[in-house]
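Student: Residue numbers (the working numbering), protein chains in the order written: chain A, 23 to 199; chain B, 231 to 791. We put the beta carbon where it would ideally sit given N, CA and C, even for glycine. Quick caveat: nothing in here was measured; it's all calculated off a predicted structure.
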């Protein structure tokens, strides 16, 4: 009853705007779910395709981020570098086998920047399972600070800065966040 | 002192030896022609148990390296032992064999003559206290150390093959670890604590470590840099909690004891009590109750601290050759901080030093190094060690990778033919240093690695955390005056290193595997036999472990092992 009254008092424009916001929220949430699945299933070739050609992908500690220090665990200035990382991790880099599980939540769509690109943040939790231990260990927690852009109608990441709180990495971060 | 029962006479047999403990002191008991003799139970050479040795002609032969000692006097008769065994006074009452740990045997070598105070006639050894009066001679001091309650067993015997083997206990034993903290990190060494560019202004501080011990590095108002333990003089609280920052003083949050920027105790709340009651004793002096302050030195913007007042100057500590490489990287340009990485590594801290004194692995494990010609068997390279075996520099001049011979490729599983990068800028080297090397990895004993991997520069600071784990704190830097493109180049190239780096992941994983192996299949030894033509020290061959052997030669001397 209350909801009906509220709807009745809302103008058509405001309602359209609200619906659009909900659709965008849902679209980004779906994007993040696909992103997590690509990494969890170690389909790095699909992961690469979620970025624009000029994308910035950086994994940086909250310690550095808060102090304006640029050094990142991973620092990719374009899709080529993201592809090189995926290739290296798949084909050359030696590390013990493992499973990862990304949980992404608390999505906040912040609005648009001056170029009209969509700004958003989401929290992430990354669990890691090594095959000789019974526990899924909390490997990293942090926040994605994102800029999305539409290309041929589809959302892509123009920027993803993964700012992690867990400053002490457990030995090595072998797969992307 | 007191006679203590060591054994029952019936446990001894003529011409035999048994091992016992009196208190915590290991003792060897012998019976020769019906008379019982006692010596310290551990060989003065390599910590082997003498009771496992052989008695012949009044001498005991060590089971490990065949050192010979005279049973009656403890005198070392033949190498490798050069130091005499302690021989103790023995008496037999009924079936009890009693010994006096403070009294020398009548036949013991007359060390009393070495006493500086023994100006007159040589003192007799008959009084039970005769031995104690010799305290202060070098051999005596060492002898005392031997009888510390360090539970000495055969466990700590170095393999008979020498430096070409490293026993697992070097990496897995808690007692060894604690001795390393005391003898090495808190000993006469220079420990990295910070870069000056992290503390540009008065009041700036960084929370750091010397070995496992937390310290504060701060810049005082006069510009000087100070290092002191991060432990309140009152109730031990680790008072500084921020990773870095700027303060006018440090205040322990528990009872608000305050410290100035030089680490001096400045204020004690309610020192005089309230209304004439309570408070500190009238004679309490703040000057006597500060945290432990360390000796500090800084070279080209890199700050080091030492627990020892006897440590040599920093330039002498590095030696001329390693200093030259240090100054090639820290070439006088002011440093610019780019950020930190921090990670734990579930392995013994020394394995990281070894990894960077092991050019052999670099040619085999790291695809990026071999495929892009950074460090390939056949490149111009050097594994430099300082003469003492403390510090090392692994250096290589980049080739284009095409010079790798077909034979070498076959040996290197990591070599990827035709591997190219979508963004090859990551592997570009812009020469900027006065050095023939495009890559140098300098290991400065005991806690610093200086990475100059082409243009990506970083400090790695080892913070040991028990025998099985250490923390690595990385400080990435460039130079003031780098333009934006150069800074970005350093950051791009940084993808090679760190706990998510293409090479960094591999080193961390490999070291973890080594510790896993020792913990799960324990009490064996490692082989470090490569390049036997160089016993221990610098080698021009990448297929060499001579630098690791040099490090252990030094480590054993420092550890008394």
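1) Cβ closer than 8 Å: which chain B residues qualify as neighbours of residue 86 of chain A?
2) According to DSSP, is residue 76 of chain A helix, strand or coil?
3) By DSSP's criteria, residue 576 of chain B is part of a beta bridge. Which residues make up the other side?
4) Could you pull out every unbroken alpha helix (DSSP H) segment of at least 4 residues lying fully inside the region 489–538 of chain B, listed in chain order?
5) For residue 706 of chain B, decide whether its Cβ has a neighbour in chain A, counting only Cβ atoms nearer than 8 Å.
6) What three-state label does DSSP hand residue 646 of chain B in the structure shown?
7) Are the region 572–585 of chain B and the region 691–702 of chain B in contact at 8 Å, needing three or more beta carbon pairs?
8) What residues in the region 95–126 of chain A have a beta carbon less than 9 Å from any beta carbon of chain B?
9) Could you check what DSSP says for residue 583 of chain B in three-state terms: helix, strand or coil?
10) Taking 8 Å as the CB-CB limit, is residue 202 of chain A close to chain B?
11) What does the alpha-carbon distance come out to for the pair residue 551 of chain B and residue 232 of chain B?
12) Using Cβ-Cβ distances below 8 Å, what residues of the region 588–601 of chain B are close to chain A?
13) Measure the Cβ-Cβ separation of residue 115 of chain A and residue 130 of chain A and say whether it is below 8 Å.
14) Just by C-beta distance, which residues in the region 470–481 of chain B are closer than 7 Å to chain A?
15) Between the region 704–729 of chain B and chain A, which residues of the former have a C-beta closer than 8 Å to a C-beta of the latter?
16) Tell me which residue opens and which closes the beta strand (DSSP E) that residue 615 of chain B is part of.
17) Using the beta-carbon of each residue, which ones in chain B are nearer than 9 Å to residue 72 of chain A?
18) Closer than 8 Å by beta-carbon distance: list the chain B residues that pair up with residue 196 of chain A, in chain order.
19) In its own chain, which residues sit with a C-beta less than 6 Å from the C-beta of residue 327 of chain B, not counting the 5 before and 5 after it?
20) Using CA atoms only, rank isn't needed, just tell me which of B/522, B/543, B/538 is closest to residue 528 of chain B.
21) Just the Cα atoms here: how many angstroms apart are residue 345 of chain B and residue 334 of chain B?
22) With a threshold of 16 other CB atoms inside 10 Å of the CB of residue 668 of chain B, please say whether the residue is buried or exposed.
23) Count the other CB atoms within 10 Å of the CB of residue 681 of chain B; is the residue buried (16 or more) or exposed (fewer)?
24) Using a Cβ-Cβ cut-off of 7 Å (strictly less than) and excluding sequence neighbours within five positions of residue 711 of chain B, which residues of its own chain qualify?
25) By the criterion of Cβ-Cβ separation under 8 Å, what are the contact partners of residue 92 of chain A in chain B?
26) Within 8 Å, do at least three Cβ pairs link the region 65–83 of chain A to the region 139–155 of chain A?
27) Would you call the region 268–279 of chain B in contact with the region 242–259 of chain B, where contact means no fewer than 3 C-beta pairs closer than 8 Å?
28) Excluding the five sequence neighbours on either side, which residues of its own chain have a C-beta within less than 8 Å of the C-beta of residue 748 of chain B, listed in chain order?
29) Taking CB distances under 8 Å as the criterion, tell me whether residue 81 of chain A reaches chain B.
30) In whole angstroms, what separates the C-alpha of residue 639 of chain B from that of residue 735 of chain B?
31) Do residue 427 of chain B and residue 567 of chain B have their C-beta atoms closer together than 8 Å?
32) Would you say residue 653 of chain B faces chain A, with C-beta separation under 8 Å as the test?
33) Output, in chain order, the set of chain D residues within a Cβ distance shorter than 8 Å of residue 575 of chain B.
34) Taking the alpha helix (DSSP H) that residue 32 of chain A belongs to, which residues open and close that run?
35) Per DSSP, residue 322 of chain B is paired with what?
36) Which residues does DSSP pair with residue 566 of chain B in a beta bridge?
Tutor: Taking the definition as stated:
1) 569, 570
2) strand
3) In the DSSP output, where bridge partners are listed per residue, residue 576 of chain B has none listed.
4) none
5) yes
6) coil
7) yes
8) 95, 96, 97, 98, 99, 100, 101, 102, 103, 104, 105, 106, 107, 109, 110, 111, 113, 114, 115, 116, 117, 118
9) helix
10) For chain A, the structure presents residues 23 to 199; residue 202 of chain A sits outside this window and is missing.
11) 55 Å
12) 595, 597, 598, 601
13) no
14) 473
15) 706, 717, 718, 721, 722, 724, 725, 728, 729
16) 611–615
17) Here the premise fails: no neighbours, minimum Cβ distance about 16 Å.
18) 730, 735, 739
19) 236, 237, 239, 266
20) B/543
21) Interpretation of residue 345 of chain B is limited by its pLDDT of 33, a score under 50 that renders its predicted location unreliable; the figure taken from the coordinates is listed afterwards. The straight-line gap from Cα to Cα measures roughly 15 Å.
22) buried
23) buried
24) 563
25) 568, 569, 717, 721
26) no
27) yes
28) 398, 401, 402, 754
29) yes
30) 23 Å
31) yes
32) yes
33) Checking the listed chains, one finds no chain D in this structure; the protein chains it contains are A and B.
34) Segment: none, residue 32 of chain A is in no alpha helix (DSSP H) and carries neither H nor E.
35) B/327
36) B/708
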